[in-house]
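Just so you know, we're using my numbering here: the sequence shown kicks off at 1 and counts up by one.
Take a look at the structure below.
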Amino acid sequence: LHYPLRRQRQMCIRDRSGKVSLADRSLQIPAALDDLLGIALDFSGDAQIEALLAHDIHVMVSLDGIGRCQDEQRPVRGSGRGSFEAISHTLDRLITFGLKPYISTTITGQSLSGLPELVDYLLDRHLHFGFNFYRPTESDSEPAGLTLKPDALIEGLGRAFKVIEQRLPRYSLLSALADRANLQWPHHRTCGVGQNYMVIDCEGNIAQCQMDLEHPVTTIADDDPLATLQAYTGGIPVSYTQLTLPTKRIV
Numbered sequence: 001l002h003y004p005l006r007r008q009r010q011m012c013i014r015d016r017s018g019k020v021s022l023a024d025r026s027l028q029i030p031a032a033l034d035d036l037l038g039i040a041l042d043f044s045g046d047a048q049i050e051a052l053l054a055h056d057i058h059v060m061v062s063l064d065g066i067g068r069c070q071d072e073q074r075p076v077r078g079s080g081r082g083s084f085e086a087i088s089h090t091l092d093r094l095i096t097f098g099l100k101p102y103i104s105t106t107i108t109g110q111s112l113s114g115l116p117e118l119v120d121y122l123l124d125r126h127l128h129f130g131f132n133f134y135r136p137t138e139s140d141s142e143p144a145g146l147t148l149k150p151d152a153l154i155e156g157l158g159r160a161f162k163v164i165e166q167r168l169p170r171y172s173l174l175s176a177l178a179d180r181a182n183l184q185w186p187h188h189r190t191c192g193v194g195q196n197y198m199v200i201d202c203e204g205n206i207a208q209c210q211m212d213l214e215h216p217v218t219t220i221a222d223d224d225p226l227a228t229l230q231a232y233t234g235g236i237p238v239s240y241t242q243l244t245l246p247t248k249r250i251v
């Protein structure tokens, strides 16, 4: 569960038993959560990294590009400053401690040109990663330049794949090469929406997907929010899920 902490200092966490508990932002995790499935969250300091390792908590970091590419797409909230330098420093610290985070990369029309350089950076650090394609929303305030053009996306992915081909890692990337296409095993659903996935916003509202945060289905006050999501039949707005690509083979 990825929970952006802004005004609150607590996070809702679900363990293997299904119990929902609250963990303080300082990562003073109670022994009852030793069986935690894994979460992604903000943290700082060596003690926090050691706590993550001690409790076998996995870290996910959003990184969309190198240098200016990341800075323009993900500036620091409220300051307008770039985020790449801080993220790169944090990644190197985590790796030094032996904790290798998973990198989630959102590909947009703005960041696509820098994708090969980013892949090179990630392979240098032996980091696992996955690609997500940006999808337009219905918001009037949507930034310009983010929408992907199909032909450009195919060409950009081809260049990134060429970097991977030239530097094949010792770990599998079959789950990372295309959005919604985990090739490691057969599956019947494109994602975990309505099955085993939920997104919690900073107010404690729970939505099916980060693309649909404006339409929460329940809250952390729910005794079993996952069951509520599984029973929900409202679906996801079609405009969030469509990205039509022409039939074309990537060489």
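Think of the CB as a built atom: it goes at the ideal place given N, C-alpha and C, for glycine as much as any other residue.
Quantities reported herein were computed from a predicted structural model and do not represent experimental measurements.
Item checked: For Ser175, the three-state DSSP class (helix, strand or coil) -> coil
Next item on the list: Using alpha carbons as the reference points, say which of Val199, Asp64, Phe97 lies closest to Leu226.
Entry: Val199
Checklist line | Cβ shell of Gly145 (< 7 Å), same chain only, five flanking positions each side left out | finding: Apart from the 5 residues on each side of it in sequence, Gly145 sits with its Cβ closer than 7 Å to the Cβ of Gly109, Gln110 in its chain, given in chain order.
Notebook entry, point to check: How is the beta strand (DSSP E) around Gly156 delimited, first residue to last?
Noted result: Here Gly156 belongs to no beta strand (DSSP E); instead the alpha helix (DSSP H) covers 150 to 166.
Note to self: Please return the same chain residues whose Cβ sits closer than 8 Å to the Cβ of Asp222, not counting the five positions on each side in sequence.
What the structure shows: Ile206, Thr228
Note to self: According to DSSP, simplified to helix, strand and coil, what is Tyr121?
What the structure shows: Of the three classes helix, strand and coil, the one that applies to Tyr121 here is helix, per DSSP.
Checklist line | Beta-carbon proximity of Gln184 to Ser175, cut-off 8 Å | finding: yes
Notebook entry, point to check: Where does Gln210 land, buried or exposed, given buried means 16+ other C-beta within 10 angstroms?
Noted result: Burial call: exposed.
Next item on the list: Could you tell me which residues DSSP pairs with Met60 in its beta bridges?
Entry: Tyr102
Note to self: Taking 6 Å as the limit between beta carbons, can you name the residues of its chain near Thr106, skipping five residues before and five after?
What the structure shows: Asp64, Asn132, Tyr134
Notebook entry, point to check: Would you call Tyr232 buried or exposed, if buried means 16 or more other Cβ atoms sit within 10 Å of its Cβ?
Noted result: Around the C-beta of Tyr232, fewer than 16 other C-beta atoms lie within 10 Å, and the residue is accordingly described as exposed.
Checklist line | Pick from Gly80, Arg170, Ile236, Glu155 that is closest to Asp124, judged by C-alpha positions | finding: Measuring C-alpha to C-alpha distances from Asp124 to each of Gly80, Arg170, Ile236, Glu155 identifies Arg170 as the nearest.
Check: Thr147 by DSSP, collapsed to three states: which one?
Finding: It is coil, neither helix nor strand.
Next item on the list: Using a threshold of 8 Å, state whether the C-beta atoms of Phe97 and Ile49 are closer than that.
Entry: By the CB criterion at 8 Å, Phe97 and Ile49 fall inside the cutoff.
Check: What residue does the alpha helix (DSSP H) around Ala86 start on, and which one ends it?
Finding: Element bounds for Ala86: 84 to 96.
Notebook entry, point to check: Is it the case that the Cβ atoms of Leu115 and Ala178 are separated by a distance below 8 Å?
Noted result: no
Next item on the list: Quick one: grab the DSSP three-state call for Ala47.
Entry: helix
Notebook entry, point to check: Closest by CA to Asp151, which one among Ser62, Ser113, Arg93?
Noted result: Scanning Ser62, Ser113, Arg93 for the CA closest to the CA of Asp151 turns up Ser113.
Note to self: Whole angstroms are fine: how far does the CA of His215 sit from the CA of Leu27?
What the structure shows: Low confidence applies to Leu27: its pLDDT is 47, below 50, so where it sits in the model is not reliable, and the reading given next is rough at best. Rounded to the nearest angstrom, the two C-alpha atoms are 29 Å apart.
Margin query: Nearest by alpha-carbon distance to Val193: which of Pro186, Asp212, Asp201, Cys202 is it?
Written below: The candidate whose alpha carbon is nearest that of Val193 is Asp212.
Notebook entry, point to check: Is the CB-CB distance between Asp92 and Gly82 below 8 Å?
Noted result: no
Next item on the list: Provide the residue span of the beta strand (DSSP E) that contains Ala207, from first to last.
Entry: 205 to 207
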